[in-house]
Amino acid sequence: MTSDTAPFDFEIPRIVAAVKNAGHTSVLLQFPEGLKRNAIDVAFQLEGQLEDVDVQISGEPCFGACDLPHHPEGLVVNFGHYPIPNLTHEGDVIFIPARSNTDPIPIVRKALPELKGTVGVVSTPQYIHRVSEIVDFLSNNNIIPFVSKGDDRIFKKGQVLGCNISAARSISKDIDMILFIGAGNFHPLALALGTDKDIIIVDPDIAEIRRINDLKDRVLRQRHAVISQAKDAEIFGVILSTKPGQRRQILARDIVKDLRKAGKKAFVVEMENTSPQILDSFSATAWVSTACPRLAIDDHLAYNRPIITPPELDIILGKREWEDYVFDEIV
Ligand code: SF4
């Protein structure tokens, strides 16, 4: 491992063994945006150990294990994620979680004054391998930790996805607060919108402890505004993803039926990736996304028409009150 890749374990020997054992002559490396800066270095290391094997880097966006490229010529290596257990995929794929080499215990120790009572512990592939150690540490410091398995979309105990917080939701009645170990606000925002718990973020990468109450309030205000704009729309496009792990075809069909029953025009548009240019080509005045739930929540400002989630449509159709706001999850 070189200094460029030092914070994460890219498991070069495991990839080399997988390629050699299966006799592959081609490897496609798929990195999420946050790890793409390591891609060339990883590719160089693999090329150095794999003679006569084509090593290619996917330049397409990658947001999760829900989004695997088709590479019939050889092996796909997906970095930064664990598999989604209830999802099958064609071809040979291995998942490299890109485990962090940073020790999380010093920053968890600093967070102890913020933690009280029974604490649900959740994380992402970069730190999930340290969860049992963190649980022991909390137990030894008068905190009662709780780690749940999550549903069939979850590979590791305590793991959360940006679209699935079942490992926290399933224990929310039993816990006082949630401790998230990992980087960024993407997963904590899902926890904040999907539970009523206080979320403490411990980010070992930058040795920071923080809360996201302000972000949650801001996002909820934005969602309220977007739902209000979509209320007056007459023509709804319903986004259906071609990515197997984001494809909710029955939901898309049901949404079209509900909208038509409510006197709106509605149609399904199938697409792999979504962009303002693609959506603007259609005459829809609002969109409902059955694809990745984070499209509506995180990216809506880039779009010219309101984009809402299926539970947000329920508010427009009078099936749910704003006070009972529900975070859209793929379960
Ligand atoms: S659907 Fe979205 S949040 Fe869920 S795994 Fe895929 S990219 Fe991540």
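The working numbering puts the first residue of the sequence shown at 2, with every later residue one more than the last.
Every residue gets a Cβ at the ideal spot worked out from N, C-alpha and C, and that includes glycine.
Model, not experiment: these values are computed from the prediction.
Nearest-angstrom Cα distance between histidine 72 and lysine 174?
-> As a position in the sequence shown, residue 72 is number 71, starting the count at 1. As a position in the sequence shown, residue 174 is number 173, starting the count at 1. Distance between the alpha carbons of histidine 72 and lysine 174: 44 Å.
beta-carbon leucine 162 near the ligand SF4 non-hydrogen atom, thresh 7 Å = As a working mapping, residue 162 is identified with position 161 in the sequence shown. It does: the Cβ of leucine 162 is within 7 Å (strictly closer) of some heavy atom of the ligand SF4.
When you compare each of Asp153, Ser124, Gly118 and Lys150 to serine 140 by their alpha carbons, which one comes out closest?
-> The sequence position of residue 140 within the sequence shown is 139, counting from 1. Comparing Cα-Cα distances from serine 140 to each of Asp153, Ser124, Gly118 and Lys150, the minimum goes to Gly118.
Take valine 203 and list the residues in its own chain whose beta-carbon comes closer than 6 Å to its own, dropping the five residues that flank it on each side.
-> Numbered from 1 along the sequence shown, position 202 holds the residue referred to as residue 203. Non-local C-beta neighbours of valine 203 in its own chain, meaning closer than 6 Å and more than five positions away in sequence, comprise Ile108, Val109, Ala112, Ile182 and Ile210, ordered along the chain.
Tell me whether arginine 219 is buried or exposed, calling it buried when 16 or more other Cβ atoms sit within 10 Å of its Cβ.
-> Taking the first residue of the sequence shown as position 1, residue 219 is located at position 218. It counts as exposed.
Can you tell which of Val20, Ser59 and Ala18 has the C-alpha that lies nearest to the C-alpha of glutamine 31?
-> By one-based count along the sequence shown, residue 31 stands at place 30. When the alpha-carbon of glutamine 31 is set against those of Val20, Ser59 and Ala18, the nearest one is in Ser59.
Range of the contiguous alpha helix (DSSP H) that encloses glycine 195 = Here residue 195 corresponds to residue number 194 of the sequence shown, with the count starting at 1. Per DSSP, glycine 195 belongs to the alpha helix (DSSP H) from 187 to 195.
Neighbourhood of leucine 216 by C-beta, 7 Å cutoff - its chain only, sequence neighbours within 5 removed = By 1-based counting over the sequence shown, the position of residue 216 is 215. Contacts found: Asn186 and Leu190.
Using 7 Å as the cut-off, classify the Cβ of isoleucine 298 as near or not near the heavy atoms of the ligand SF4, replying yes or no.
-> Residue numbering aside, residue 298 sits at position 297 when the sequence shown is read from its first letter. For the ligand SF4, not one heavy atom lies less than 7 Å from the Cβ of isoleucine 298.
Three-state secondary structure assigned by DSSP to aspartate 206 | The residue given as residue 206 occupies position 205 in the sequence shown. Coil.
May I ask you to report which of helix, strand or coil DSSP gives glycine 81?
-> By one-based count along the sequence shown, residue 81 stands at place 80. The DSSP-derived three-state label of glycine 81 is coil.
Work out the CA separation of glutamate 34 and isoleucine 135 for me, nearest whole Å.
-> On the sequence shown, position 134 is the one that residue 135 refers to. On the sequence shown, position 33 is the one that residue 34 refers to. The alpha-carbon atoms of isoleucine 135 and glutamate 34 are separated by roughly 27 Å.
Chain D within 8 Å of valine 17, Cβ atoms only | The structure shown contains no chain D, having only a single protein chain.
Would you report the Cα separation of leucine 280 and serine 290, rounded to the nearest angstrom?
-> Taking the first residue of the sequence shown as position 1, residue 280 is located at position 279. Taking the first residue of the sequence shown as position 1, residue 290 is located at position 289. Those two C-alpha atoms are separated by around 11 Å.
Compute the minimum distance between the beta carbon of phenylalanine 64 and the heavy atoms of the ligand SF4, and state whether it is under 7 Å.
-> Within the sequence shown, numbered from 1, the residue matching residue 64 stands at position 63. Yes, the Cβ of phenylalanine 64 comes within 7 Å of a heavy atom of the ligand SF4.
Run the CB neighbour count on threonine 3, radius 10 Å, all protein chains shown included, and call it buried at 16 or more, exposed below.
-> Position 2 of the sequence shown, counting from 1, holds the residue named residue 3. Here threonine 3 scores only 41 on pLDDT, less than 50, and its place in the model should not be relied on; the value that follows carries that caveat. So threonine 3 ends up on the exposed side.
Would you say glycine 336 and threonine 26 are within 8 Å of each other, going by their C-beta atoms?
-> In this structure the chain extends from 2 to 332, so residue 336 is not present and cannot be described.
Going by DSSP, what residues sit across from asparagine 165 in a beta bridge?
-> As a working mapping, residue 165 is identified with position 164 in the sequence shown. Answer by DSSP bridge pairing, in chain order: Leu162.
From alanine 297 to leucine 192, what distance separates their C-alpha atoms?
-> Within the sequence shown, residue 297 is the residue found at index 296, counting from 1. Within the sequence shown, residue 192 is the residue found at index 191, counting from 1. Cα to Cα, alanine 297 sits roughly 16 Å from leucine 192.
Using only the heavy atoms of the ligand SF4, determine whether one of them is closer than 7 Å to the beta carbon of glutamine 57.
-> Within the sequence shown, the letter at position 56 stands for residue 57. With a cut-off of 7 Å, the C-beta of glutamine 57 is classified as distant from the ligand SF4, since no heavy atom of the ligand falls inside that distance.
Nearest to isoleucine 144 (by Cα), restricted to the options Pro114, Asp259, Glu324 and Gly319 | As a first step, residue 144 must be located in the sequence shown, where it is residue number 143. Ranking the options by Cα distance to isoleucine 144, first place goes to Pro114.
Quickly, what does DSSP pair arginine 100 with across the bridge? List them, please.
-> By 1-based counting over the sequence shown, the position of residue 100 is 99. DSSP, once it has assigned bridges, lists Asp10 as partnering arginine 100.
Alanine 19, DSSP secondary structure in three states | Sequence index remark: in the sequence shown, residue 19 carries index 18 (1-based). DSSP places alanine 19 in helix when its eight states are reduced to three.
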